[in-house]
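6 is the number of the first residue of the sequence shown in this note's numbering; add one for each residue after it.
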Amino acid sequence: MKFRSILFFLFCVIVGLLISIQSRIITGTFLYVSPKVIQDYDASIKSEKTEIEKLKTLISEKEEKIKEYEAISGKGDDIVASMQQELDRLKLMSGYKDVQGEGALIILDDGTRELYEYEDPNDIIVHDIDLLMILNDLKIAGVEAISINGQRVINNTEVNCSGHSVRINNQFFAQPFIIKAVGDPVIIESALSAPGTYGELLREYGLILDIYKSINIRIPKYSEAVDYKFLKTIEEGEV
6 MKFRSILFFL FCVIVGLLIS IQSRIITGTF LYVSPKVIQD YDASIKSEKT
56 EIEKLKTLIS EKEEKIKEYE AISGKGDDIV ASMQQELDRL KLMSGYKDVQ
106 GEGALIILDD GTRELYEYED PNDIIVHDID LLMILNDLKI AGVEAISING
156 QRVINNTEVN CSGHSVRINN QFFAQPFIIK AVGDPVIIES ALSAPGTYGE
206 LLREYGLILD IYKSINIRIP KYSEAVDYKF LKTIEEGEV
């Protein structure tokens, strides 16, 4: 009887150990994943899908361009003309071609009114921030080309005060500032003259801001050399 009790006790111990081991194995196969992790994975998957669609679009565009070149590959003059058209289009988009079109001519100048008692003379002088705000309003208005005093405004054009003058494209200019913009003349005038606009605020301070709509505004190309020190191209498929 005692021997049977010992065997029963050992059997219970062995069964307990097996249950414990099995429980650890099962527990180890399940991991808790928080909702935040699931959301992150979901956002990552959506981002990758968007990137894949962009790549598909890019591949489609390149394939169409290849087909175009293949169609004219046997005609030397045609392929040169096609590449020249593409070059002209890129120059037009980047500001390296003279352009003309419907738009407006804007004159921004210092105020001529008498100063109030103890008023700062800088209140009626054109500053770089005034030019920058006007340029920003013109861009919001959808203008397609801008120049200031004959200097074409592109993405890297700097406008900053330097003493009593303003530097634009490494050239120094004093007042008045003549801004030319190609775009919808009505929208341009509204963007600079409507109540609450920065142009209207300048007028309230006493500065001169005149707008002349025109059916033919001519704007010169960007004439400065551009030297990219940090910008590098990325080849297709490169991460």
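Cβ atoms here follow ideal geometry from the backbone N, Cα and C, with glycine treated the same way.
Would you report the Cα separation of Gln105 and Asp93, rounded to the nearest angstrom?
15 Å
Counting only runs that start and end within the segment 143–204, where is the beta strand (DSSP E) found for 3 or more residues in a row?
150–153, 164–167, 170–173, 176–178, 182–187
Below 8 Å, can you find three or more Cβ-Cβ pairs linking the segment 202–210 to the segment 159–170?
no
Go ahead and pull the three-state DSSP assignment for Gly33.
In this predicted model, Gly33 has a pLDDT of only 47, less than 50, meaning its place in the structure is not dependable; the value taken from the coordinates is given anyway. It is helical.
Using the rule of at least 16 other Cβ atoms within 10 Å of the residue's Cβ for burial, across every protein chain shown, is Asp135 buried or exposed?
buried
As a quick exercise: from Pro126, Tyr203, Leu110, pick the residue whose alpha carbon is nearest that of Ile224.
Leu110
So, helix, strand or coil for Thr238, using DSSP?
Coil at Thr238, not helix or strand.
In or out: Tyr227 buried (at least 16 other Cβ within 10 Å) or exposed?
buried
Jot down the residue ranges of each uninterrupted beta strand (DSSP E) in the segment 62–141, minimum 3 residues, whole runs only, in chain order.
Taken in chain order, the complete beta strand (DSSP E) segments of 3 or more residues contained in the segment 62–141 are 104–114.
For the beta strand (DSSP E) that Lys226 lies in, which residues bound it at each end?
Per DSSP, Lys226 belongs to no beta strand (DSSP E) and is neither H nor E.
Straight-line CA distance for Thr55 to Leu95?
26 Å
Less than 8 Å between the C-beta atoms of Ile222 and Gly108, yes or no?
yes
Cutting at 8 Å between CB atoms, please list the residues of its own chain near Ile192, excluding the five before and the five after it.
Ala146, Gly147
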